[in-house]
Amino acid sequence: AYGLRLSQPDGIQITGNVFSGSAANLQAILTAYNQGFTITGNQIGLTGGSSYGMYMDGPDAGTSGVALLANNFIRADRPVLLTSGTTGIRVVHNTLYARGDTPAPLTLVGSSSNIAELTNNILLSAVSGPALVLGDAANLLASDGNVLYPGAGSVLVEAGGTPYATLDAWQA
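Numbering (the numbering used here) for the sequence shown: 146 to 317.
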């Protein structure tokens, strides 16, 4: 079940919504191949198993240059999944809390995808797992001021299948 499902409209704005649910397999926001979007100020709380806060399939800035995910609070098994084809997205000022079976609060899939900016976010995994998963270390173009909190006994970041236990190891 979806709270909001948008496929291929460009220039979307999703702002100030509250999504909640306790059933399994929920997706609060699903977008597919949207160019030029703004998703801000949303509160998502999904407590059912195998739930996605935001599932974004191939989002990119497009000709507008705007691809913004900002000031959202997302609590779900899988808070944010960005799939192959993601380009130019700015992820800023969000709190992403993974509480279930797939522990990474933010996952970017695909070696050709990228996050243009990851700034001032809190990425928290309540179960054993990394706080951030990247398809490739080069997927993250700029990062600053983030709080990454992996699950107990886990690595901080996984990039290209390589685990990094500390920030120093990841930045080396």
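Quick reminder that beta carbons are idealized off the backbone N, C-alpha and C, glycines included.
task = Rank Thr208, Ser165, Gln180 by C-alpha distance to the C-alpha of Thr192 and give the top, closest one.
result = To locate residue 192, count along the sequence shown from 1; it is residue 47. Among Thr208, Ser165, Gln180, the Cα nearest to that of Thr192 belongs to Ser165.
task = Output the boundary residues of the beta strand (DSSP E) element that contains Leu149.
result = What you label residue 149 is simply residue 4 of the sequence shown in a count that begins at 1. Run containing Leu149: 147–152, per the beta strand (DSSP E) assignment.
ask   = If you count every other CB in all the chains shown that lies within 10 Å of the CB of Leu286, and 16 or more means buried, which is it?
value = As a working note, residue 286 is residue 141 in the sequence shown. Label assigned to Leu286: exposed.
key: Inter-residue CB distance, Val237 and Glu262 (contact presumed, cutoff 8 Å)   = For the purposes of this step, residue 237 is taken as the residue at position 92 of the sequence shown. For the purposes of this step, residue 262 is taken as the residue at position 117 of the sequence shown. Right, their Cβ atoms sit about 6 Å apart.
ask   = Would you say Pro250 and Leu227 are within 7 Å of each other, going by their C-beta atoms?
value = For the purposes of this step, residue 250 is identified with residue 105 of the sequence shown, where counting begins at 1. For the purposes of this step, residue 227 is identified with residue 82 of the sequence shown, where counting begins at 1. No, they are not a contact pair.
Three-state class that DSSP yields for Leu226 in the structure shown = Indexing the sequence shown from 1 puts residue 226 at position 81. Three-state DSSP puts Leu226 in a strand.
key: Secondary structure, alpha helix (DSSP H): runs of 4+ residues fully inside the segment 173–234   = none
ask   = Would a C-beta distance cut-off of 7 Å place Ile189 and Ala173 closer than the cut-off?
value = Residue numbering aside, residue 189 sits at position 44 when the sequence shown is read from its first letter. Residue numbering aside, residue 173 sits at position 28 when the sequence shown is read from its first letter. It is a contact, given that the beta carbons lie within the stated cut-off.
ask   = From Pro248 to Ser195, what distance separates their C-alpha atoms?
value = Counting from 1 along the sequence shown, the entry for residue 248 is found at position 103. Counting from 1 along the sequence shown, the entry for residue 195 is found at position 50. One C-alpha to the other measures close to 11 Å.
query = Where does Ser258 land, buried or exposed, given buried means 16+ other C-beta within 10 angstroms?
reply = Counted from its first residue, the sequence shown places residue 258 at position 113. Buried is the call here.
ask   = So, are the CB atoms of Ala215 and Gly233 less than 7 Å apart?
value = For the purposes of this step, residue 215 is taken as the residue at position 70 of the sequence shown. For the purposes of this step, residue 233 is taken as the residue at position 88 of the sequence shown. Going by C-beta atoms, Ala215 is not nearer than 7 Å to Gly233.
message = For Phe218 and Ala271, I'd like the C-alpha separation in whole angstroms.
response = To locate residue 218, count along the sequence shown from 1; it is residue 73. To locate residue 271, count along the sequence shown from 1; it is residue 126. Between Phe218 and Ala271, the C-alpha separation is close to 15 Å.
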